[in-house]
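Chains as they are written, first to last, in our numbering: chain A, 1177 to 1568; chain B, 7 to 284.
This is the structure:
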């Protein structure tokens, strides 16, 4: 009874997280490999194309089936979506497909195949048929291939994207690079700060803790706004530089809406997540250790490197991993202060969701990012323990 | 060895550390005076630095208080925030109490699941709930309910963590004592356990509220015009036409953050005192 009851109180939250997070994520994964738009809009064509040899133009019956279904799709307003799916496989095919059903009435060709070719010569080529057949597949690897800069050709072979369109691998590498840089900067700046807090008198320690916690509690948008105000060309920092004569008034530095903006703002925003775990570890390092090291003849540098620092490593690991996990999925700050050069993978996911409407690709990029974060999360749990995560 | 050398090193580290604190907190203090700027600029004009009263004004605050859109945003933020907090705090507290039992099965895995919303990249949360909730048979996109559910999910881990931490110091013999005096499970929870862990519950609730109050991505992807919250409104302000009204909002949010911080610290001190062995 006791055991049953103890666990049952957690069930509502478990169920809640499953329904509001896991199920939506599962549907995201599904979206990255599954798309039934074309198969549903052109079911008979999909069926007959499976039997098509692929080496010569389909039979006249296939053309007739397609004509029938394209007209039906136009009536149900599915045609645009079908055309855009096929266009992703064979660019340029969008207009071929969307104009075809409107023009049947105007041709007087002897059979369906001739009609199609009269409307658009592309219907006499194998490429569009291959693309159409591929688009009727409900399961596809296309999105994942594109997310790593490869593409699925209409005939089913896999090729690297042309150089000018290889963006995603670069962006994943950039995201990793920025996360490493932000983690390193947070460590460099945060370590002495945590040390100062852990070794100050209790009055000062309290004041310094408040100084770290105020930004921690302050809205992310407020903090990002403050960086725009400080870093922009007519901003506070440039004013100071001009006043001090470091830069000329007509040659103000560009520090925001580029990578500098992303790095500076992300470091400041994530700094408390590094300081707080470090601080909590450092307050528990016995003071006598460094004293003992000095009395044994170590100079302050040796005492720090050989005795103090190794003892603070659990804090470094906890803070570093947390900052890294948070920065790898960062979205808001790069979106507002990153310009075009300071965008990370999350920003591109949002772009495909909201602007290009290529949801399958947005989902595939999300899944890759998610797998990376899950690996890091498991590492965090193994080595640090999620239940030891502290707040504030 | 040369003490002067080590003193210099210490001094240099000290200065570096001071700059660290300035880097962390300084940007916030730049915003406050600029929100009183009489001109629509984001920079300190010479008149301001000379503390000329003409250079300061409350016009951006006036703008803010007279603007329907900001009113609506403020209402939405509190409405969504309070609903999400109630949901997250209730579910999170129950879960934490149950996770605190030593015989809880697969505790570590369950904990990892319950904390996972905290580390899932917010874009992935946003994209997933958008796709999922906009399916016709669910239809929660562009509704208050959809946003409240998502925000409660994002805030619940904080409640689980703070309540679990408070429970670690909770003396279980108190429950046995209450039980021997004839209290049933509900009475024991309400009269003994809840009052003692309430600072942890309230702290968790404040974290959950702050999470919702600051959340913009889910609202951005899934919310409609009607559900615009304060951060969503700020987002448009920053992206479209940045004017000092944003700084007035920012200043008010900083004050709000400071109030929340002191409440949380006060509660923490109270818990520490309460749980001290007599």
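C-beta: ideal position from N, C-alpha, C; glycine also.
The model shown is predicted, which means the values in this text are computed figures rather than measured ones.
query, result
"Using CA atoms only, rank isn't needed, just tell me which of A:1465, A:1326, A:1252 and A:1510 is closest to residue 223 of chain B.", "A:1510"
"May I ask you to list, following chain order, the residues of the region 201–231 of chain B that have a beta carbon less than 7 Å from some beta carbon of chain A?", "213, 216, 220, 222, 223 and 227"
"Taking the alpha-carbon positions, what's the residue 190 of chain B to residue 183 of chain B distance?", "11 Å"
"Apply the 10 Å Cβ neighbour rule to residue 1201 of chain A and answer buried if 16 or more other Cβ atoms are within range, or exposed otherwise.", "buried"
"Go ahead and pull the three-state DSSP assignment for residue 1392 of chain A.", "helix"
"Measuring alpha carbon to alpha carbon, tell me which residue in B:65, B:235 and B:239 is nearest residue 85 of chain B.", "B:235"
"Taking Cβ-Cβ distances below 7 Å as the criterion, which residues of the region 1196–1211 of chain A are in contact with chain B?", "1196, 1197, 1199, 1200, 1201, 1203, 1204 and 1207"
"Do you know how far the Cα of residue 219 of chain B is from the Cα of residue 78 of chain B?", "14 Å"
"I want to verify the contact list: residues of chain B whose CB lies under 9 Å from the CB of residue 1542 of chain A, in sequence order.", "127, 129, 130, 133 and 134"
"Can you pull the chain B neighbours of residue 1505 of chain A, defined as C-beta to C-beta under 8 Å?", "126, 127, 128, 129 and 130"
"Using 8 Å as the Cβ pair cut-off and three pairs as the minimum, do the region 1359–1368 of chain A and the region 1536–1549 of chain A touch?", "no"
"Candidates A:1501, A:1471, A:1497 and A:1453: which alpha carbon is nearest residue 1488 of chain A's?", "A:1453"
"Report the residue ranges of all beta strand (DSSP E) runs contained in full by the region 189–257 of chain B; include only those spanning at least 3 residues, in chain order.", "none"
"Quick one: is residue 123 of chain B buried, meaning 16 or more other Cβ sit within 10 Å of its Cβ, or exposed?", "buried"
"Relative to the C-alpha of residue 226 of chain B, which residue among B:197, B:130 and B:18 is closest?", "B:130"
"Anything in the region 100–117 of chain B with a Cβ closer than 7 Å to a Cβ of chain C? List those residues in chain order, please.", "Absence of chain C from the displayed structure is noted, the protein chains being A and B."
"Could you give the C-beta distance for residue 1393 of chain A and residue 169 of chain B, rounded to a whole number, given that I count them as a contact under 8 Å?", "About 19 Å; that fails the 8 Å criterion."
"Counting only runs that start and end within the region 1400–1470 of chain A, where is the alpha helix (DSSP H) found for 4 or more residues in a row?", "1412–1420 and 1435–1458"
"Between which residues of its own chain and residue 1399 of chain A is the CB-CB distance below 8 Å, once the five residues before and five after are set aside?", "1391, 1441, 1444 and 1445"
"Give the single residue among A:1303, A:1198 and A:1435 whose Cα lies nearest to the Cα of residue 1263 of chain A.", "A:1303"
"Span of the alpha helix (DSSP H) holding residue 1232 of chain A?", "Unbroken run through residue 1232 of chain A: none, as it is neither H nor E."
"What residue range does the beta strand (DSSP E) around residue 1334 of chain A cover?", "1334–1336"
"Which first and last residues belong to the alpha helix (DSSP H) in which residue 164 of chain B is found?", "150–174"
"Would residue 1189 of chain A pass as a contact of residue 97 of chain B if the rule is Cβ separation under 7 Å?", "yes"
"Any idea what DSSP makes of residue 64 of chain B, helix, strand or coil?", "coil"
"Is it the case that the Cβ atoms of residue 1434 of chain A and residue 1515 of chain A are separated by a distance below 7 Å?", "yes"
"At what residues does the alpha helix (DSSP H) containing residue 1261 of chain A begin and finish?", "1255–1265"
"Kindly indicate which residue of A:1206, A:1209, A:1243 and A:1235 has the alpha-carbon position closest to the one of residue 1219 of chain A.", "A:1243"
"Under 8 Å by Cβ, that's how I've got residue 1402 of chain A and residue 39 of chain B pegged, so tell me the actual separation to the nearest angstrom.", "So it is not a contact: roughly 12 Å between Cβ atoms."
"Run down chain A in chain order and give the residues with a C-beta less than 7 Å from the C-beta of residue 49 of chain B.", "1410, 1411, 1412 and 1415"
"Given a cut-off of 7 Å, decide if residue 1314 of chain A and residue 1212 of chain A are closer than it, judged by their beta-carbon atoms.", "yes"
"Give the single residue among B:261, B:217 and B:141 whose Cα lies nearest to the Cα of residue 160 of chain B.", "B:217"
"Would you say residue 181 of chain B reaches chain A, if we count a Cβ-Cβ gap shorter than 7 Å as a contact?", "no"
"Assuming residue 1447 of chain A and residue 1500 of chain A form a contact by the criterion Cβ under 8 Å, report the distance between their Cβ atoms to the nearest whole angstrom.", "The Cβ separation is near 13 Å, so there is no contact."
"Relative to chain B, which residues along the region 1352–1377 of chain A have a C-beta separation below 8 Å, given in chain order?", "1365, 1366, 1368, 1369, 1371 and 1372"
"Per DSSP, residue 1210 of chain A forms a beta bridge with which residues?", "A:1315"
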